[in-house]
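Protein sequences appear in the order of chains A and B. At position 20 of the first sequence (counting the first as 1) the number is 309 in my numbering, and the numbers step up by one without a gap. At position 78 of the second sequence (counting the first as 1) the number is 367 in my numbering, and the numbers step up by one without a gap. Don't be surprised by glycine CBs; every beta carbon is placed ideally from N, CA and C.
There are 2 protein chains.
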Amino acid sequence: VRPNYLGEHFIIELFDCDQMVLNSIPKLEAMMLEAARLAKATVVSKAFHQFSPYGISGTIVIQESHFNIHTWPEYGFAAIDLFTCGTRLNAESAKDFLIEKCNAQSFDLSKIKRGILNKNV
Amino acid sequence: VRPNYLGEHFIIELFDCDQMVLNSIPKLEAMMLEAARLAKATVVSKAFHQFSPYGISGTIVIQESHFNIHTWPEYGFAAIDLFTCGTRLNAESAKDFLIEKCNAQSFDLSKIKRGILNKNV
């Protein structure tokens, strides 16, 4: 059965994370690429940027949409978005892996459907 | 007064858009860059990809987080995320501009706060 929506979006808030992870581009890039692999996503491109004095933004464009992370090491906080299309992907595995890798002491997760078509049918 | 959250995230669903816009990288790229300018954001990098046979994914990394778009021209649908940090930015202007440029006949907008700290205080 084809779902009546086009994408699924995990909005993840990670609190009290390992600050060394959150302020390291090599660590975050490796982590996000591994998360994409675990989700069975196909990586198209990536862009990571270090901000001054703290904080990193990273995007992994995947064939099936994108994964984003923004970190605030000074607050031990990371905001992650996993936007996937298609039923083949496993965003749950990616989410679990990221929470563990960041050593988040608590997290919030919202799952929203994107592109709900024929709402009025 | 400093807000108790780190970022604001506009989740925008655009329905019944101009399909010619949604399947044109030059149009979408120019549109997203103009949206960033209207929001007073500083563009750091961008990545746009055409998928086969239809659909485009685009990310604009800005100094103050990111703007994303994914399009499904065959459904006239676009999913847009505007994630901004700081109180200086004007995501409202960007949002209004994007709705107009895509000629969306209807839209949904959710605004969520990212990085709400000291939740238990």
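Checklist entry - Any C-beta of chain B sitting closer than 9 Å to the C-beta of A/G404? => result Position 115 of the first sequence, counted from the start, is the residue given in the question as residue 404 of chain A. It does; some Cβ of chain B falls within 9 Å.
Checklist entry - Taking any Cβ of chain A, which residues in the stretch 305–335 of chain B have a Cβ under 7 Å from it, in chain order? => result V333 and S334
Next on the checklist: My output table needs one value for A/E353: the three-state DSSP class, helix, strand or coil.
Outcome noted: The count along the first sequence starts at 1 and reaches residue 353 of chain A at position 64. Coil at A/E353, not helix or strand.
Item to check | Endpoints, beta strand (DSSP E) assigned at A/E297 | outcome: The sequence position of residue 297 of chain A within the first sequence is 8, counting from 1. Y294 to F304 is the extent of the beta strand (DSSP E) around A/E297.
Checklist entry - By a C-beta neighbour count over all protein chains shown, 10 Å radius and 16 as the cutoff for buried, is B/E389 buried or exposed? => result Position 100 of the second sequence, counting from 1, holds the residue named residue 389 of chain B. Exposed, because fewer than 16 other Cβ atoms sit within 10 Å of the Cβ of B/E389.
Item to check | Beta-carbon neighbours of B/S354, restricted to chain A and to distances below 8 Å | outcome: On the second sequence, residue 354 of chain B is found 65 positions in, with the first residue counted as 1. Near B/S354 (Cβ distances below 8 Å), the residues of chain A are S346 and H359.
Checklist entry - Given B/W361, which residues of its chain have a CB within under 6 Å of its CB, disregarding the five upstream and five downstream residues? => result Residue numbering aside, residue 361 of chain B sits at position 72 when the second sequence is read from its first letter. Result list for B/W361: G344, in chain order.
Item to check | For B/S334 and A/L378, the rounded distance between their alpha carbons | outcome: What you label residue 378 of chain A is simply residue 89 of the first sequence in a count that begins at 1. What you label residue 334 of chain B is simply residue 45 of the second sequence in a count that begins at 1. Taking the straight line joining both Cα atoms gives about 27 Å.
Next on the checklist: At the level of alpha carbons, what is the spacing between A/S399 and A/S382?
Outcome noted: Position 110 of the first sequence, counting from 1, holds the residue named residue 399 of chain A. Position 93 of the first sequence, counting from 1, holds the residue named residue 382 of chain A. Those two C-alpha atoms are separated by around 15 Å.
Item to check | 9 Å Cβ cutoff met for A/R403 and B/H359 | outcome: Within the first sequence, the letter at position 114 stands for residue 403 of chain A. Within the second sequence, the letter at position 70 stands for residue 359 of chain B. Cβ atoms of A/R403 and B/H359: closer than 9 Å.
Checklist entry - Looking at the unbroken alpha helix (DSSP H) that takes in A/S382, where does it start and where does it end? => result Position 93 of the first sequence, counting from 1, holds the residue named residue 382 of chain A. Segment A380 to K390, the alpha helix (DSSP H) holding A/S382.
Next on the checklist: Looking at the secondary structure, which residues open and close the beta strand (DSSP E) in which B/A367 lies?
Outcome noted: Here residue 367 of chain B refers to the residue found at position 78 when the second sequence is read from its first residue. B/A367 -> beta strand (DSSP E) spans F366 to C374.
Item to check | Alpha carbon of B/N357 to alpha carbon of B/F340, nearest angstrom | outcome: Residue mapping note: residue 357 of chain B aligns to position 68 of the second sequence, counting from 1. Residue mapping note: residue 340 of chain B aligns to position 51 of the second sequence, counting from 1. Answer to the nearest angstrom: the Cα atoms are 15 Å apart.
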